[in-house]
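Data block below; observations after.
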Amino acid sequence: MPYVHIPAMVHEVLQYLDCKPGKVIVDCTLGAAGHAKAILEQIIPNGFLIGIDQDKEAIESARDTLRRYSSNIELFHGNFVRISEALSAKRIDAVDGILLDLGVSLHQLKNSGRGFSFNKDEPLDMRMNTDSATTAADIVNNMSQEDLVNIFRVYGQERWARRIARAIVSVRSHKKIRTSAELAELVLKAVPKKHRYGQRIHPATRVFMSLRIAVNKELERLEQVLKVAVNLLKPKGRLCVLSYHSLEDRIVKQQIRLLEKGRSRDPYLQECICDGRASVVNLTRKPIRPSKKEIKQNPMARSARLRAIEKH
Ligand SMILES: C[S@@+](CC[C@H](N)C(=O)[O-])C[C@H]1O[C@@H](n2cnc3c(N)ncnc32)[C@H](O)[C@@H]1O
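With my numbering, letter number 117 in the sequence shown gets 195, and the count goes up by one each step, no holes.
Put into structure tokens, the structure is as follows:
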């Protein structure tokens, strides 16, 4: 199955990363390598791209897609929080640009067979990295009702979180919930009748999104990588983040604000990670949105928001 994804806001990403020949760029979310290929076209012949993805299928497919640039790339399978490790493997201390294009790829949603979509009947897995331990089925079948409510409320902003969690606990008391179709059907039945059909989005949309966020610890990992990434930029280096929902965008916005004030602290260690000095310039006071034309051509890009910073 070809690995497909239409990259969002390519023109804007190239502009905000300030891609030029000879630059060294890290694409932390390689996916189908659409952004990576566009970046490589700008930075060759002597530029270099390090591509990271936690999905093995993405890495394998990108290796093929980017084969004509093989002397200008290094691909790394793993979580983007391990970005420093990926750079040290190539003996690189600092880079000119870092890209994060968050969320799932079209391939993961449609062709991965891992239950990311409520429109498919697939094992309820949702792991981007199939080496990691916990699947969506583990969460749905084992987590307490209260924890499920929290996941649906916090990560999905799901109005019917309690009803859905109660329905899950009731069904799983006599049989395991194993597939995406079983979960979608259960959610549909759990929401009040008048909210089941004719809604702008399918009633299971938010539950599926929240489970995906929980399985892949998406928000924790985002916060972690933002703290590390800025330290890996050269002076005038750029970080560019494409987020797709308000929870992600809020984390990016808050982190940029802290870095601008020179107050970004590790919440656990309580250490300043930028020597107490303002370390960045915010290049996007308001997030940049895709054009109407792009949204028409690629509806998956409709919720994209781009924010970018430049290191002092
Ligand atoms: C929206 S897609 C990126 C698409 C890509 N920019 C392109 O042009 O095709 C997001 C990708 O990031 C990967 N990903 C998400 N979170 C990650 C993380 N914490 N570490 C590494 N990869 C991650 C996913 O596996 C997925 O392949």
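Just so it is clear, CB atoms sit at the ideal spot from N, CA and C, and this is done for glycine as well. As the structure is a prediction and not an experimental result, all values here were calculated from the model.
Exposed unless 16 or more other CB atoms sit within 10 angstroms - verdict on residue i
i	result
Pro345	For Pro345, the pLDDT reaches just 49, beneath the cut-off of 50, and the residue's location in the model is therefore unreliable, leaving the point undetermined.
Asn391	With the chain running from 79 to 390 in the structure shown, residue 391 is simply not present.
Ala382	buried
Pro100	The sequence given here places Gly at residue 100; Pro does not occur at that position. Flag for Gly100 reads exposed.
Ala86	buried
His113	buried
Leu226	buried
Thr208	exposed
His252	exposed
Lys314	exposed
Tyr94	buried
Ser222	exposed
Leu347	Confidence in Leu347 is poor, its pLDDT being 44 and thus under 50, which makes the residue's placement too unreliable to answer from.
Ala211	exposed
Residue i vs residue j beta-carbon contact at 8 Å
i	j	result
Arg250	Pro201	no
Ser190	Glu138	no
Val91	Leu180	no
Ile117	Lys98	no
Leu127	Asn150	yes
Leu289	Ile229	yes
Arg316	Gly175	yes
Lys389	Ser357	yes
Gln333	Glu301	yes
Proximity test, residue i beta-carbon vs ligand 1 heavy atom, cut-off 7 Å
i	result
Asn376	no
His75	Any answer about residue 75 is impossible in this case: the structure gives the chain only from 79 up to 390.
Pro85	yes
Ile176	no
Met221	no
Ala167	no
Leu108	yes
Gln332	no
Val182	yes
Asp179	yes
Gln132	yes
Short CB-CB distance (under 8 Å) between residue i and chain B
i	result
Asn207	Absent here is chain B; the protein component of the structure consists of one chain.
For the pair the region 150-166 and the region 237-255, tell me if three or more CB-CB distances fall below 8 Å. no
Practice task
Write down every uninterrupted run of the beta strand (DSSP E) in the region 111-157 whose length is 3 residues or greater and which is fully enclosed by it, in chain order.
Solution key: 126-131 and 151-155
Review point. Curious, which full-length alpha helix (DSSP H) runs of at least 4 residues does the region 290-341 contain?
Key: 296-307 and 324-338
Which complete beta strand (DSSP E) runs does the region 148-205 hold, if anything under 3 residues is left out?
151-155 and 173-179
Margin query: Under 8 Å, with one C-beta from each stretch per pair, do the region 362-369 and the region 281-301 reach the 3-pair mark?
Written below: no
What are the start and end residues of each continuous alpha helix (DSSP H) run of 4 or more residues lying completely inside the region 222-262, in chain order? 223-234 and 239-250
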